[in-house]
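Comments concern the structure below.
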Amino acid sequence: MPFHLIREVRDIKRFNQILLVLFEEGFDFLLSKIRLKHRIPITKRVKSKLAKRREAKPEAMLRSTFERLGPTFIKFGQLLSVRPDLVPKEYCKELENLQDKVPEFPFSEVKSIIEKEFGKSMEHLFLHFEKKPVASASISQVHRAILKNGEKVAVKVQRPNIRQLIETDIEIMLYFANLLENNVERLRRYRPLQLVEEFREWTEKELDFRLEARNAKRFAQNFRGSKSVKIPKVYDGLTTEHILTLEFIDGIELHDIKEIKRRKIDFNRILGIGFEAVMTQVFVHGIFHADPHPGNIMVMRDNSIAFVDFGIVGYFDENLKNKCIDLLYGVAEQDEELVMDALIGIGMESGDVDYGQLKTDIAFTIQPLQGASIRDVKISKVLEELLDIALRHKLRMPASFVLFGKTIITLEGVAIEYDPNFKIIETAKPFIEKVIARRKSPLYMWKSFVHNIDRYRKFAEDFPEKAEKALDRIQRGTIKVDIEDTDIKKLSLEIDRSSNRVAYGLLIAALLISSAVLMNIVKGPTILGVPFLSFASFFFASVFALILFMSIVRERFRHW
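Take the sequence shown: its letter number 451 is residue 454 in our numbering, and every next letter is one higher.
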C-alpha cells in the first residue's frame, strides 16, 4: 500500500488532511472498507470511540465535508448537485446548499497577474481599476474597470496557483474513487470514477478562460439583433487563458426578487423571456448555457435579460432535440407511452435494463397527471422523478439533457417563489407545439430524409471493412470480453498483497545476507564495532521487517 499510494498521489500531506476530515465527519466506515483507516492517528481513533457521535444525515455529512475540504471539493459538490441521474436526489438537494464563498486574494496579486499576462502596466491598460472585487469564487474573482475609451468592463482574474491545487485534489479524488469502486459494492452503481473524470473535464474547461470567451461570442452571434436577450461583448485584446475581460452588465440577479419588485420590473415578462431564451438555445441553436444558476441570469432595467458566465455549455444534436421535445410534449399531454419512448431513446444503457419494470415506474409517475389540468402539472417534480427512475434502472442520461432539465427546474423554482401559481409547462406548450409543427413541415422532413439516407449510405460503405476487422480479430483471438466477478477481484487483490510481502521478505533476506558477508570483508569506519556498510544493511533489513510486520497486523485488525 505505501509504495502504491506514493506512485498515485504526489501530495501525501494533502492526502492525509483529506483522510482526517473524512474521519472526523463520520466517514470512518468507508475508510475501513477501502483499507485506509490505519492512516488515521491512533489518538484520533481512540478519541472518536470515546466521544458521543453526532447524529446527521449522510447527505448533510457529505456537504459539510466538501465545505471543509475547500474550493475543489465545493466545485465537485456543485457538479453532483446538477446530476440527479448519477447521484440520489436527496444528495442533489443537500449539495445545492454548498457555499462557494472564499476570501478574496490581494489586489497586489491581481495587479501582478494582469501585468505579467499582457506585459504592460495596469495604468497603461485601464483608465480605472477597482481594487475591491465585485465577486469572489473558488476559481476566480471579478473586478470592475474602465478602459481608456471610457467603456465599463468586468475583468475576471484566475486565482494564483488554482490549477495546481485543483489538479492535486483531483489526483487524490481519482485514487479514492478507484478504491471505492473496487471495494464498496453499494457505491459501484454510482460510478465514482466516471463522476471524477467528468469533473476533471468540467474544470479543465472552466480553467481556460479563452474557451469561455469563444462560447460568449457564439451566444452573441446567436442572439444578434435580439432586443430581449443581451450577451456581454468580449474584449479579445484583454483576454488570455487566465484573464477574461467582458462588457460590464449592470443588472439584477434573477433570484433577487425583492429588488426586482422594488424597481417595478414586470417579472412575468422576464420569466417568459428567460424561458423562451433557454428553449431557443436548446431547440434552435443547439448550444445552451449549462450552468443553471439564477445568479448567471441578469435582469436589465429595460425589461430584458442578460446571460453571464459561459464557462460550461451544453450541446443538443437533432436526435436529442427531438427526443427531448417528445418527452416534454408527452408530459404536457399526460401521454405515458410518448414519455416512455422518449426517455428510453434519450438514455444509454450501462447494464441490464428491465424494460418492463422501467415502463411500470414511468407509468406510475405519469398516470396521476392524466385528467389533470395542464396548470396543475409541475414539470420540476416530473423531471426529478424521471431522472431518479433513470438512475435506478442504470440508464445513463446525456449530461446535456440533465443540465437542461436542471435549468428548467431552476427557472420554475424562481418563478414559483414570485408566483406560487406559475406553471412552466403551460408556458412551454406553445413553444413545444411550434417546434413539433416545424418538424412536420415538408422542408424539415426532406432534410431529415436526406440526412438518414446519407447515414445509411455511410453505414453500407463502412460495413464490409468493419466486419472484416471484427472477423480478423476473432481469428487472431484478440477480441476482449469483459467479465466482472467480485470473487476474482478479491483473489487478485490477495495475490497482489501476498506478492508484495514475498518481495519484502526477499529484500530483507538479501540485506541480512549482505550484512553478514560485509561484516567479514569490509574495512573502514565502524559503528559499535560493526563495519558501517554491514551495519547499514542490517538496519534497513530491520526497518523493512518492521514495516512487513505492521502491514500483517494492520490487515488483521483493520476493522478495529
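A virtual CB, placed ideally from N, CA and C, is assigned to each residue, including glycine.
- For Tyr-507 and Ala-548, the gap between their C-alpha atoms comes out near 8 Å.
- Exclusion of the five residues before and after Lys-155 leaves Arg-147, Ala-148, Ile-149, Glu-250, Phe-251 and Asp-253 as the residues of its chain whose Cβ lies within less than 8 Å of its Cβ.
- DSSP, read as helix, strand or coil, puts Glu-250 in strand.
- Between the stretch 111-128 and the stretch 87-101 there are fewer than three inter-stretch CB-CB distances shorter than 8 Å, so the stretches are not counted as touching.
- Under the three-pair Cβ rule at 8 Å, the stretch 75-90 does not count as touching the stretch 120-132.
- Nearest neighbour of Phe-538 by Cα position, chosen from Ile-555, Leu-515 and Leu-551, turns out to be Leu-515.
- By the C-beta criterion, the stretch 425-432 is judged to be in contact with the stretch 273-287, since at least 3 inter-stretch pairs fall below 8 Å.
- Per DSSP, Ser-231 has no beta bridge partner at all.
- At a Cβ-Cβ threshold of 9 Å, Phe-434 and Phe-286 count as neighbours.
- The residue among Phe-108, Gln-284 and Met-64 with its C-alpha nearest the C-alpha of Val-232 is Gln-284.
- Contact between the stretch 361-372 and the stretch 305-320 is absent, with fewer than three C-beta pairs closer than 8 Å.
- DSSP lists Glu-256 and Ala-309 as the beta-bridge partner residues of Met-301.
- Residue pairing from DSSP places Gln-161 in a beta bridge opposite Ser-143.
- In the displayed model, Phe-129 falls within a strand according to three-state DSSP.
- For Ile-290, the enclosing beta strand (DSSP E) begins and ends at 290-292.
- Per DSSP, the unbroken alpha helix (DSSP H) holding Tyr-421 starts and ends at 402-421.
- For Val-199, the enclosing alpha helix (DSSP H) has its first and last residue at 195-210.
- A direct Cα-Cα distance of roughly 11 Å separates His-292 from Lys-409.
- In this structure Ile-234 does not touch Ala-280 by the C-beta definition: roughly 10 Å separates them, more than the 8 Å allowed.
- If you draw a straight line from the Cα of Thr-413 to the Cα of Leu-551, it comes to about 55 Å.
- The Cβ-Cβ distance between Ala-180 and Leu-196 falls below 9 Å.
- For Gly-240, the number of other beta carbons within 10 angstroms of its own is below 16, and it is reported as exposed.
- As computed with DSSP, Val-533 is found in a beta bridge with Ile-530.
- In the displayed model, Ala-59 falls within coil according to three-state DSSP, outside both helix and strand.
- Residue state for Arg-399 is assigned as strand, using DSSP reduced to three classes.
- Per the C-alpha coordinates, the member of Pro-109, Phe-110 and Phe-79 positioned closest to Glu-99 is Phe-79.
- DSSP lists Val-145 as the bridge partner or partners of Ala-138.
- Between the alpha carbons of Val-417 and Leu-82 lies a distance of about 20 Å.
- If you draw a 10 Å sphere on the C-beta of His-245, you find 16 or more other C-beta atoms in it, and that means buried.
- In terms of Cβ geometry, Arg-66 and Val-24 do not form a close pair [threshold 9 Å].
- Sixteen is the threshold: since fewer than 16 other Cβ atoms of the shown chains lie within 10 Å of the Cβ of Val-520, the residue is exposed.
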